[in-house]
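Peer 1: Residue numbers (our numbering), protein chains in the order written: chain A, 515 to 892; chain B, 25 to 300; chain C, 29 to 328. Pasting a structure here, questions to come.
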């Protein structure tokens with residue numbers, strides 16, 4: 515933030531102090547289109563300065579939630595508060611929110627500098643002030659030399675940085691990002707992820723970040739929410755969501771998971787439960803209190819140990835290798851469990867000297883109770 | 025069909041299709057061009073081929089106070105009508121394309137309807153209505169009538185322009201602090217400008233060409249060029265009509281070339297734009 | 029506004045009051061405001077006159093339905109009606125047959141040929157119908173270009189009568205209507221992916237079959253739209269038939285004559301009402317076809 519806000523110590527009235535991002539609260543917000551409910555009653559609080567990501571498949575309601583905050587989508591019920599003030603009746607142009615669009619939405623008919631200066635012009639800043647602040651903003655995104663170009667003359671990554679500068683030049687306390695990296699190729703996307711993270715740390719604004727890319731969300735977000743069917747399925751830090759998913763959907767949306775359906779709950783011991791799977795195995799697994807029904811045991815592929823390491827673990831079986839593949843950095847196995855529970859996906863770090871097991875080989879597999887988590891069905 | 029036509033029969037057939045199409049295009053364009061040599065005739069009546077070349081009919085066209093008045097009237101009626109149609113057509117297109125009100129399809133159909141309805145029906149409905157308020161033969165009456173029938177032209181071109189880019193530009197402008205008017209002024213209008221200009225030119229051309237409403241709603245002092253041409257056609261057939269026609273044709277085609285250029289330059293400019 | 033309790037999702041615990049509908053800012057509200065002026069203009073100078081026409085048709089001195097009774101009884105007007113429909117059908121069919129190959133070739137053309145093709149279609153499209161009808165008169169009249177040329181070439185020894193004949197008028201009308209057929213056909217044909225035809229060819233269809241079973245069905249929305257457009261426009265055609273004549277009157281010409289020569293407004297209005305209703309029905313058909321065309325375009 516400092517680089518941008520320093521340019522106008524006595525800034526315009528609309529500029530909020532950006533030493534701290536805005537506090538955002540969705541209070542029982544919902545959206546119906548006639549009979550169709552695209553967003554069910556949703557409440558969510560985002561802390562000042564937090565980078566909060568919404569992820570989910572298309573149609574899950576994440577864009578609706580973002581649209582409601584931006585002011586494009588009028589909610590049917592509920593309140594949206596920024597720093598405690600309900601802004602539902604405030605038009606988008608008075609919300610003082612910055613937004614980066616999927617395709618950047620840079621105005622094609624004016625130059626890069628004019629694009630960045632646009633919000634300042636709308637706020638009635640003088641020519642000299644606009645010029646100075648645009649220059650600083652261009653410097654911040656390292657595009658000093660390209661101010662006079664048209665957006666169409668820039669590369670995708672450059673356009674992305676212009677969009678960022680334009681959304682931030684007026685120091686909004688809240689930045690919305692709608693799939694901002696969706697139009698970039700993979701390498702550039704990873705580079706820009708670093709850039710956005712740096713930018714957000716420096717800028718200090720609260721960010722609501724919408725994406726369907728779970729890796730991007732996990733890398734960037736302080737916390738994230740998985741959305742599905744117009745509802746928030748689970749909220750937490752990326753690590754919480756990965757390690758302690760509540761549902762099959764969350765477990766499989768974030769990374770790979772093998773699921774063993776639970777037939778019977780045999781007993782409980784503090785944080786742990788003993789269950790019998792549908793295939794007849796007795797397993798010990800974690801039982802987070804927020805999951806009410808324990809319908810399946812979820813296993814992450816890297817948490818399953820193979821060979822000598824597997825012996826003596828809380829859960830230990832003899833499996834049969836069905837498939838063995840080398841991928842960069844890991845050996846990936848599909849190992850059939852005894853009984854009828856099916857096949858587990860297992861990833862083992864590939865180091866020189868570690869042999870790739872042959873399909874058909876019997877192998878010890880095992881994991882501690884803390885490595886497996888019970889989830890509800892879907 | 026293009027690349028399979030390898031057997032002789034198909035080759036003959038496709039050559040036949042091309043020949044047929046060329047003949048149709050000639051039929052489409054040539055008859056009108058017959059007027060051009062006639063307008064340079066030195067004869068006092070229409071005769072083909074003309075017995076000599078002269079510019080006398082262009083001279084008498086230029087000297088004719090009837091034509092001068094009619095051209096002036098066509099301008100006095102066409103320009104305000106096209107302006108009015110442009111303003112209203114842009115408003116309607118914005119509302120229908122960008123708005124989210126119910127019955128958008130029906131509204132769009134209603135906006136196009138005046139162009140489709142035979143003008144004679146509108147004319148005999150408008151005449152008694154305007155007669156009642158004393159506007160028959162006046163400029164405002166015919167301006168309103170022409171505006172109504174040309175709103176569809178602006179509506180169609182501006183709607184197409186609005187549909188050619190994603191509404192995120194306008195949403196972006198709003199998040200950046202532009203109110204609806206400034207969003208229109210600084211973002212929407214520059215983006216749809218070619219569509220607006222093309223729509224305006226179409227409306228202007230239409231008004232310059234329109235006969236039936238002019239026949240009913242103008243008076244001898246407010247009559248337009250098409251009405252004058254029509255009246256002359258029914259009285260005399262001197263080559264002055266041919267001369268007038270060539271002038272009108274040239275102006276019309278000139279205006280349309282402008283419209284095409286405006287459209288093309290817009291497409292070029294938008295080509296590099298990131299689009300949905 | 030009375031708060032509506034959402035049926036499906038129960039209120040959160042501890043929440044006593046029913047949820048209030050959010051009085052949210054919505055971009056849709058501006059839309060209606062924008063629409064007010066154009067709608068007012070249309071209501072005043074388009075819909076109201078149409079109502080006047082309708083009302084006027086019931087004002088015959090001999091009783092409200094007299095004009096319709098006379099319309100049904102007058103053989104000249106009945107003839108005009110059937111003649112108008114006949115003409116519309118002939119012109120539509122002829123325009124379709126002439127336009128289809130032209131539209132096909134232009135839709136496949138590129139670069140310079142595309143520009144030339146479009147110029148040949150668009151210039152007549154935007155040339156005044158008065159001027160084009162006048163050109164036909166110059167061509168077809170007794171001492172017109174065609175007769176003079178044929179006389180000079182010795183093909184005929186007396187000028188032929190070409191105006192005031194159906195054939196002459198139809199040839200002129202088709203020429204004037206052609207762009208209205210070619211343009212919708214073009215927009216449908218440009219939406220047809222060439223790879224569809226290639227796929228049909230790979231599957232063993234000969235060009236004739238490709239055309240009949242693949243191309244023609246795909247171009248049907250354009251055919252429909254063009255036909256309705258030409259049919260509607262011909263129904264209301266005034267200038268060309270008024271100038272060139274024909275074996276009978278077109279409705280629009282009859283309406284104009286009833287008003288300006290016979291001053292029979294009620295009868296003219298009854299005729300106009302008929303024309304209006306027919307046009308409306310056809311326009312609705314056109315809208316349907318257009319919607320299908322647009323739908324197909326969006327699905328691409």
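Beta carbons are placed, not taken as given, at the ideal position from N, Cα and C, and that holds for glycine. In this text the structure is predicted, and so the values were computed from the model without any measurement.
Apart from the five residues on each side of it in sequence, which residues of its chain come closer than 6 Å, Cβ to Cβ, to residue 709 of chain A?
Peer 2: By 1-based counting over the first chain, the position of residue 709 of chain A is 195. If we look at residue 709 of chain A and ignore the five residues flanking it on each side, it has no Cβ neighbours.
Peer 1: So that I know if they touch, is there some Cβ in chain B lying closer than 9 Å to that of residue 314 of chain C?
Peer 2: As a working mapping, residue 314 of chain C is identified with position 286 in the third chain. Closer than 9 Å to some Cβ of chain B, the Cβ of residue 314 of chain C qualifies, so yes.
Peer 1: Under the DSSP definition of a beta bridge, which residues are partnered with residue 812 of chain A?
Peer 2: The residue you call residue 812 of chain A lines up with position 298 of the first chain. Residue 812 of chain A pairs with A:773, A:887.
Peer 1: For residue 586 of chain A, which residues in chain C fall below 8 Å Cβ to Cβ?
Peer 2: As a working mapping, residue 586 of chain A is identified with position 72 in the first chain. Result: 55.
Peer 1: List the residues of chain A whose Cβ lies closer than 7 Å to the Cβ of residue 247 of chain B, in chain order.
Peer 2: Position 223 of the second chain, counted from the start, is the residue given in the question as residue 247 of chain B. Within chain A, no residue comes near residue 247 of chain B; the closest Cβ sits about 42 Å away, beyond 7 Å.
Peer 1: For the 8 Å Cβ check, are there 3 or more pairs between the segment 244-259 of chain B and the segment 122-140 of chain B?
Peer 2: At 8 Å Cβ cutoff, the stretches do not touch.
Peer 1: Among the candidates C:195, C:144, C:88, whose CA atom is the shortest distance from the CA of residue 275 of chain C?
Peer 2: To locate residue 275 of chain C, count along the third chain from 1; it is residue 247. Nearest option by C-alpha distance: C:195.
Peer 1: Measure from the C-beta of residue 580 of chain A to each C-beta in chain C and report whether the shortest distance is under 9 Å.
Peer 2: By 1-based counting over the first chain, the position of residue 580 of chain A is 66. So, not an interface residue.
Peer 1: Any residues in the segment 82-101 of chain C with a beta carbon nearer than 7 Å to a beta carbon of chain A? Which ones, in chain order?
Peer 2: Cβ contacts with chain A: none found.
Peer 1: Provide the residue span of the beta strand (DSSP E) that contains residue 881 of chain A, from first to last.
Peer 2: On the first chain, residue 881 of chain A is found 367 positions in, with the first residue counted as 1. Note, residue 881 of chain A: beta strand (DSSP E), 876-881.
Peer 1: With a cut-off of 9 Å, does the C-beta of residue 187 of chain B fall near any C-beta of chain A?
Peer 2: Walking along the second chain from the start, residue 187 of chain B turns up at place 163. No, because no Cβ of chain A sits closer than 9 Å to the Cβ of residue 187 of chain B.
Peer 1: Grab the span of the alpha helix (DSSP H) containing residue 16 of chain C for me, first residue to last.
Peer 2: Missing from the structure shown is residue 16 of chain C; chain C here goes from 29 to 328 and no further.
Peer 1: Tell whether a beta-carbon distance below 9 Å holds between residue 790 of chain A and residue 777 of chain A.
Peer 2: For the purposes of this step, residue 790 of chain A is identified with residue 276 of the first chain, where counting begins at 1. For the purposes of this step, residue 777 of chain A is identified with residue 263 of the first chain, where counting begins at 1. Their beta carbons are under 9 Å apart, which means residue 790 of chain A touches residue 777 of chain A by this criterion.
Peer 1: When the distance is taken between beta carbons, is residue 172 of chain B closer than 9 Å to residue 69 of chain C?
Peer 2: Position 41 of the third chain, counted from the start, is the residue given in the question as residue 69 of chain C. Position 148 of the second chain, counted from the start, is the residue given in the question as residue 172 of chain B. Contact: yes.
Peer 1: I'd like to check one pair, residue 692 of chain A with residue 616 of chain A: are the Cβ atoms closer than 9 Å?
Peer 2: If you number the first chain from 1, residue 616 of chain A lands on position 102. If you number the first chain from 1, residue 692 of chain A lands on position 178. Against a cut-off of 9 Å, the Cβ pair of residue 692 of chain A and residue 616 of chain A comes out as a contact.
Peer 1: Suppose contacts are defined by Cβ-Cβ distances below 9 Å. Is residue 177 of chain B in contact with residue 139 of chain B by that definition?
Peer 2: Your numbering for residue 177 of chain B matches position 153 in the second chain. Your numbering for residue 139 of chain B matches position 115 in the second chain. Going by C-beta atoms, residue 177 of chain B is nearer than 9 Å to residue 139 of chain B.
Peer 1: Going by the CB atoms, is the gap between residue 303 of chain C and residue 95 of chain B shorter than 9 Å?
Peer 2: The residue labelled residue 95 of chain B in the question sits at position 71 within the second chain. The residue labelled residue 303 of chain C in the question sits at position 275 within the third chain. In this structure, residue 303 of chain C does not lie closer than 9 Å to residue 95 of chain B by Cβ.
Peer 1: Name the residues in the segment 628-647 of chain A whose C-beta lies less than 7 Å from a C-beta of chain B; which are they?
Peer 2: Under the 7 Å Cβ criterion, the segment 628-647 of chain A contributes 632, 633, 636, 637.
Peer 1: Quick one: which residues of the segment 143-157 of chain C get their C-beta closer than 8 Å to a C-beta of chain B? List them in chain order.
Peer 2: Listed in sequence order: 145, 148, 149, 150, 151, 152, 154, 155, 156, 157.
Peer 1: In chain order, which continuous runs of the beta strand (DSSP E) of length 3 or greater are located wholly inside the segment 719-765 of chain A?
Peer 2: Taking only runs of at least 3 residues, the beta strand (DSSP E) segments lying wholly in the segment 719-765 of chain A are 720-725, 737-742, 745-750.
Peer 1: Check the Cβ-Cβ distances between residue 51 of chain C and every residue of chain A, and say whether any is below 9 Å.
Peer 2: Counted from its first residue, the third chain places residue 51 of chain C at position 23. It does: the Cβ of residue 51 of chain C has a partner Cβ on chain A nearer than 9 Å.
Peer 1: Spatial neighbours of residue 296 of chain C within its chain, please: CB distance less than 6 Å, with the 5 preceding and 5 following residues excluded, ordered by chain position.
Peer 2: Sequence index remark: in the third chain, residue 296 of chain C carries index 268 (1-based). So the list reads 283, 286, 287, once near-sequence residues are dropped.
Peer 1: Express the C-alpha separation of residue 689 of chain A and residue 614 of chain A in angstroms, rounding to a whole number.
Peer 2: Taking the first residue of the first chain as 1, we reach residue 614 of chain A at position 100. Taking the first residue of the first chain as 1, we reach residue 689 of chain A at position 175. Going by the C-alpha atoms only, they are around 8 Å apart.
Peer 1: Quick check: the Cα distance between residue 124 of chain B and residue 669 of chain A, rounded to an integer number of angstroms?
Peer 2: The residue you call residue 124 of chain B lines up with position 100 of the second chain. The residue you call residue 669 of chain A lines up with position 155 of the first chain. Those two C-alpha atoms are separated by around 34 Å.
Peer 1: Mind pulling the chain B residues with CB within less than 7 Å of residue 276 of chain C?
Peer 2: In the third chain, residue 276 of chain C corresponds to position 248, counting from 1. None at all; the shortest Cβ gap to chain B is about 17 Å.
Peer 1: Please determine, among B:114, B:247, B:150, the residue with the shortest C-alpha to C-alpha distance to residue 352 of chain B.
Peer 2: Because chain B in this structure spans residues 25 to 300, residue 352 of chain B falls outside the shown range and cannot be described.
Peer 1: Determine which residues share a DSSP beta bridge with residue 550 of chain A and list them.
Peer 2: Here residue 550 of chain A refers to the residue found at position 36 when the first chain is read from its first residue. DSSP, once it has assigned bridges, lists A:547 as partnering residue 550 of chain A.
Peer 1: Taking the beta carbon of residue 501 of chain A as the centre, do at least 16 other beta carbons fall within 10 Å, making it buried, or is it exposed?
Peer 2: Chain A is shown only over 515 to 892; residue 501 of chain A falls outside these bounds and no answer can be derived.
Peer 1: With 9 Å as the threshold, decide whether the Cβ of residue 592 of chain A is near any Cβ in chain C.
Peer 2: Position 78 of the first chain, counted from the first residue, corresponds to residue 592 of chain A. It does: the Cβ of residue 592 of chain A has a partner Cβ on chain C nearer than 9 Å.
Peer 1: Going by DSSP, name the residue or residues bridged to residue 559 of chain A.
Peer 2: Position 45 of the first chain, counted from the start, is the residue given in the question as residue 559 of chain A. Per DSSP, A:539.
Peer 1: Looking only at C-alpha atoms, which of A:856, A:767, A:796, A:723 sits nearest to residue 830 of chain A?
Peer 2: Here residue 830 of chain A refers to the residue found at position 316 when the first chain is read from its first residue. Here the closest residue by C-alpha is A:796.
Peer 1: Using a Cβ-Cβ cut-off of less than 9 Å, give me the residues of the segment 211-224 of chain B that come near chain A, in sequence order.
Peer 2: Residues 211, 214, 215, 217.
Peer 1: Count the other CB atoms, across all protein chains shown, that sit within 10 Å of the CB of residue 170 of chain B; report buried if there are 16 or more and exposed otherwise.
Peer 2: As a working mapping, residue 170 of chain B is identified with position 146 in the second chain. Looking at its Cβ environment, which holds 16 or more other Cβ atoms inside 10 Å, residue 170 of chain B is buried.
Peer 1: Taking beta-carbon pairs under 7 Å, can you tell me which members of the segment 238-272 of chain B lie near chain C?
Peer 2: The residues in question are 250, 253, 254, 257, 265, 269, 272.
Peer 1: Flag this pair as yes or no: are the beta carbons of residue 210 of chain C and residue 149 of chain C separated by less than 9 Å?
Peer 2: Here residue 210 of chain C is taken as the residue at index 182 of the third chain, counted from 1. Here residue 149 of chain C is taken as the residue at index 121 of the third chain, counted from 1. Against a cut-off of 9 Å, the Cβ pair of residue 149 of chain C and residue 210 of chain C comes out as a contact.
Peer 1: Report the residue ranges of all alpha helix (DSSP H) runs contained in full by the segment 164-228 of chain B; include only those spanning at least 4 residues, in chain order.
Peer 2: Listed in chain order, they are 192-199, 204-207.
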